[in-house]
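Undergrad:
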Amino acid sequence: MKTLRHFLLFAFVIAFAATLPAATPEKEYGKLLALFPEWRTFEASGVKEGAPDYTPAAMSAKAAALKKWQARLAAIDRGGWSIAQQVDYNLVRAEMNGLDFDLRVLRPWQRDPAFYISLWTEQSDTPAHEGPVHHAPIELWQYRFPLDAAAEAKLIAELRSVPPLLQQARGNLTGNARDLWTSGIISWDGQAKGLEELAETTKTAGAELRKAVTDATKATREFIAWLEAQTAKKTGPSGVGIENYNWYLRNVQLSPLTWEGEVAILQRELGRVHAALRLEEHHHRALPPLKGASDAAAYETKAKAAVQRYISFLRDQEILTVRDYMEPSLLAKIDKFVPPEEQNFFQITQHRAPMALLTHFYHWFDLANMQSNPQPSPIRRGALLYNIWVSRAEGFATANEEMMLHAGLFDDEPRAREVVWIMQAQRAARGLASLYAQANQIDLAAAQAMQVARTPNGWMSPKLPLLGFEQGLYLRQPGYGSSYITGKHQVDKLFGEAFEQRGQDYNVRKFYDELNEYGLIPLAMIRWQMLGAKDEAKAMEAANPGPRK
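For the sequence shown, the residue numbers in my numbering are 38 to 586.
1. Using the Cβ count rule (16 or more neighbours within 10 Å means buried), how would you classify Asp137?
2. In angstroms with no decimal places, state the Cα-to-Cα distance between Val199 and Leu286.
3. Hey, could you find the ends of the alpha helix (DSSP H) Val250 is sitting in?
4. Are the CB atoms of Ala214 and Arg141 within a distance shorter than 9 Å?
5. Starting from the Cα of Lys373, find the closest Cα among Glu337, Leu357, Arg389 and Pro391 and give me that residue.
6. Measuring only the C-alpha atoms, how far is Lys328 from Arg389?
7. According to DSSP, Lys85 sits in a beta bridge with which residue or residues?
8. Starting from the N-terminal side, write out each stretch of the alpha helix (DSSP H) that is 4 residues or longer and does not extend beyond the segment 520-559.
9. Between Asn437 and chain C, is there a C-beta pair that is closer than 9 Å?
10. Do Leu510 and Tyr521 have their C-beta atoms within less than 9 Å of each other?
11. Applying the criterion that 16 or more other CB atoms from any shown protein chain within 10 Å of the CB defines a buried residue, is Asp125 buried or exposed?
12. Once you ignore the five residues that flank Leu314 on each side, which residues in its own chain have a CB closer than 8 Å to its CB?
13. Measuring CB to CB, does Glu299 end up less than 9 Å from Leu472?
14. Output needed for Ala173: all residues of its chain with C-beta closer than 6 Å, excluding positions within five of it in sequence on either side, in chain order.
15. Is the beta carbon of Leu110 sitting closer than 9 Å to the one on Leu72?
16. Are the beta-carbon atoms of Leu367 and Asn553 separated by less than 9 Å?
17. Helix, strand or coil: how does DSSP classify Leu368 here?
18. If you follow the alpha helix (DSSP H) that His320 is in, where does it begin and where does it stop?
19. Closer than 8 Å is the cut-off here; do at least three beta carbon pairs connect the segment 150-162 with the segment 228-240?
20. How big is the Cα-Cα spacing for Arg322 and Ile563?
21. Tell me the rounded alpha-carbon separation between Asn288 and Asp449.
22. Would you tell me roughly how many angstroms separate the C-alpha atoms of Pro62 and Ala121, rounded to the nearest one?
23. Can you tell me whether Phe44 is buried or exposed? The criterion is at least 16 other CB atoms within 10 Å of its CB, across all chains shown.
24. Can Tyr347 and Phe260 be called in contact, C-beta distance under 9 Å?
25. Can you list, in chain order, the residues of its chain with a C-beta nearer than 7 Å to that of Tyr66? Leave out the 5 residues immediately preceding and following it.
26. So for Phe44, helix, strand or coil by DSSP?
27. Determine, using beta carbons only, whether His400 and Asp550 come nearer to each other than 9 Å.
28. With a cut-off of 8 Å on the beta carbons, I'd call Glu573 and Pro293 a contact; round off their distance for me.
29. Going by CA-CA distance only, name the one from Gly212, Thr251 and Leu324 that's closest to Lys271.
30. Quick check: the Cα distance between Pro164 and Leu557, rounded to an integer number of angstroms?
31. Which residues in the same chain have their Cβ closer than 7 Å to the Cβ of Gln290, if we skip the five residues on either side of it in sequence?
32. Cα-Cα, which of Ala131, Ala333 and Asp529 is closest to Glu438?
33. Apart from the five residues on each side of it in sequence, which residues of its chain come closer than 7 Å, Cβ to Cβ, to Ala484?
34. For Thr257 versus Trp225, is the C-beta distance shorter than 9 Å?
35. Provide the residue(s) that pair with Ile175 in DSSP beta bridges, ordered along the chain.
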């Protein structure tokens, strides 16, 4: 009798299941698209006293909830999906892994004082802020003064979050990462000065705004003093270590590389570009050296001419399809003239050979393209979290420098070729130093010294703020310092593979234009979608088969 009942129950289940709508690839992909905005809302959730909540209780609750989100994502059936849809899935998986890594390892709210910086006076040239940033930044560069009523109310509300956030930070910052602590204190000077300038800008504004600026300034100054008082207690390492770094590369950055592989690439690149530079210098030894502009007017004229020459070169040599936004996006980012004795590394390059650095400013093409040609997939339409875009954004910008050199951009200005090699060497030197710092093999001071020593011709000043900013950022954000060169490595590989696969009808413009279609996503994912090559993506999925316990 029991057997009969079991048989009838089984038959009922089968019959009922047959009446349910069958899962289809589009329905399952629809689940991913529905999950994505919910996930983003969860990721940014948590408010306490008008500020983002990073208290231990809030972070513990978020860690517990994250497992449910990862399980929900893993339950989606990807059978029959297109490559583009599978890439989208992996992007969401990487974001969840990014939060996982922050909760388990990086813990910026606990270890990194710079995490609590709120005021940002300049736009980043990348899709989102470089490095960890809390969920309520004040993007002051987006405001236009004098403010209208709506903008003023918005800015007041944002400024009012600063005092409670910094009060909360005193209880959250229990980590023992000394280099993160000391470099973080230096980073706070930017917010303090920015608020002082804002006070001057708004001195005739309403009383509420002026009070909000005053309160935020006071809270900032008191917080800096508190950080300085705590410094002697901080004695521990700041890097994440090689094992954690490798997990982060594979599962968050979706990179096929490892720490050891990145070290090998950067060591090779550092030697290669130093050799190329010295040969260029020897070849041009009879030519006069490059000279920087002597005053502001001369610099502006030189920089504008470089933009026009660069855009003309891209169009005339059929490097890519030139869009209407490209020239204006570069002209808008011409920096001010800086006297020679005050110039940092990039200002030296801009004042001597502005077109060389313009090749790296592919960033501004990327950002303008995001606005003008939004991605069909909402998952790719905005900036990915946790700097997951870094290999494409920084890697391609760096690759473009040397690609334009070989394409002939500097044929009429041969000594500018030397500047390209110097830029490549600087990126390799600072990236290699950052790898050793993340492995806790050297401290921040040694990383800075390595960057200065291995940047050619004394262009990297040990005294100007740029050095501390760069190595501080790369310590805060694993994988960033090396991404310029390791991303370039992946671009070079993709460039060659694309020509091999597509044959004689393929050309440089087709490569550039096609690359721009996929969005600012990891290069391994672009390679999968562009070439159908899943080997790297498959290896990364195997490295993280499911949610971590």
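Glycine included, C-beta positions come from ideal geometry on N, C-alpha and C.
What you are looking at is a predicted structure, and each value in this text was computed from that prediction instead of being measured.
TA: In this structure, then:
1. Its Cβ being crowded by 16 or more others within 10 Å, Asp137 is buried.
2. Val199 and Leu286: Cα-Cα distance of roughly 33 Å.
3. First-last of the alpha helix (DSSP H) with Val250: Ala244 to Gln267.
4. Their beta carbons are not under 9 Å apart, which means Arg141 does not touch Ala214 by this criterion.
5. Of the candidates Glu337, Leu357, Arg389 and Pro391, the one whose C-alpha sits nearest the C-alpha of Lys373 is Glu337.
6. Pairing Lys328 with Arg389, the inter-Cα distance amounts to about 5 Å.
7. Note: Lys85 sits in a beta bridge opposite Ala88.
8. Listed in chain order, the complete alpha helix (DSSP H) runs (minimum 4 residues) inside the segment 520-559 are 545-552.
9. Absent here is chain C; the protein component of the structure consists of one chain.
10. In this structure, Tyr521 does not lie closer than 9 Å to Leu510 by Cβ.
11. Here Asp125 is buried, its C-beta having at least 16 other C-beta atoms within 10 Å.
12. Correct list, in chain order: Glu455, Trp458, Ile459, Ala462 and Pro493.
13. In this structure, Glu299 lies near Leu472, with their beta-carbon atoms less than 9 Å apart.
14. Cβ within range, chain order: Pro89 and Ser198.
15. Contact flag set, yes.
16. Cβ atoms of Leu367 and Asn553: not closer than 9 Å.
17. If DSSP states are grouped into helix, strand and coil, Leu368 belongs with the helices.
18. From DSSP, the alpha helix (DSSP H) with His320 extends over Trp296 to His320.
19. Segments in contact, yes.
20. Approximately 42 Å between the Cα atoms of the pair.
21. Near 45 Å, if we compare the C-alpha coordinates of Asp449 and Asn288.
22. Using only the alpha carbons, I get a separation of about 12 Å.
23. Because Phe44 carries a pLDDT of 43, less than 50, the predicted location of this residue cannot be relied on, and the following value inherits that uncertainty. Under this definition Phe44 is an exposed residue.
24. Tyr347 is not a Cβ neighbour of Phe260, given a cutoff of 9 Å.
25. Taken in chain order, the residues that qualify are Trp118 and Gln122.
26. Bear in mind that a pLDDT of 43 at Phe44, under 50, signals an unreliable position, so the number given afterwards is only what the model happens to contain. Judged by DSSP in its simplified three-state form, Phe44 adopts helix.
27. Taking a C-beta distance under 9 Å as the contact criterion, His400 and Asp550 do not qualify as a contact pair.
28. Right, the Cβ-Cβ distance comes to about 4 Å (below 8 Å), so this counts as a contact.
29. Comparing Cα positions, the closest option is Gly212.
30. Each residue's alpha carbon lies about 8 Å from the other.
31. Ile425, Val427, Ser428, Gly516 and Pro559, listed in sequence order.
32. If we check each option's Cα against that of Glu438, Asp529 comes out closest.
33. Correct list, in chain order: Ala470, Ser471, Tyr473, Ala474 and Gln508.
34. Their beta carbons are under 9 Å apart, which means Thr257 touches Trp225 by this criterion.
35. Paired residue(s): Leu156.
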